[in-house]
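If you read the sequence shown in our numbering, its first letter stands for residue 3, the second for the next number, and so on. We put the CB at the ideal spot given by N, CA and C, even for glycine. Predicted, not measured: the structure shown is a model, and the values here were computed from it. Inspection log for the structure reproduced underneath, given as structure tokens.
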Amino acid sequence: MEKEETQWFKCSSWSEGLTKIIKQHVKVGMGLLVRGNPKTDAYIKDGVAKAQIEVNLTEINMLTFPKDSENHNTNSTAPNRDMQDDEIPF
3 MEKEETQWFK CSSWSEGLTK IIKQHVKVGM GLLVRGNPKT DAYIKDGVAK
53 AQIEVNLTEI NMLTFPKDSE NHNTNSTAPN RDMQDDEIPF
């Protein structure tokens, strides 16, 4: 069985409305689906070439909520059942 690996990206938002939603509702431990425009930055730190990807957010969907969240919304955008790969519409 292949081990699932999480990938982390630096994200930014220049939309006042989206930033307000993130500040009010996004908490540590939440599963998020984000969309936006990626930007790659390359730099040298201590003589080592490095790169990072930053995503300028255009959309965010809350998929899961922290277990201790009082604002648990049962109308989230998360699917109600597990989908098989051949059922995904894209």
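{"query": "Since Ser15 and Leu65 are thought to touch, with beta carbons under 8 Å apart, how far apart are those beta carbons, to the nearest angstrom?", "result": "Going by Cβ atoms, the distance from Ser15 to Leu65 rounds to 18 Å, so no, they are not a contact pair."}
{"query": "By Cβ distance below 6 Å, which residues in the same chain neighbour Glu61 in space, the five residues on each side in sequence not counted?", "result": "Arg37"}
{"query": "Helix, strand or coil: which one does DSSP assign to Gln9?", "result": "coil"}
{"query": "Output yes or no for whether 8 Å exceeds the beta carbon distance between Asn63 and Leu20.", "result": "no"}
{"query": "Would you give the residue range spanned by the beta strand (DSSP E) that Lys52 belongs to?", "result": "50 to 64"}
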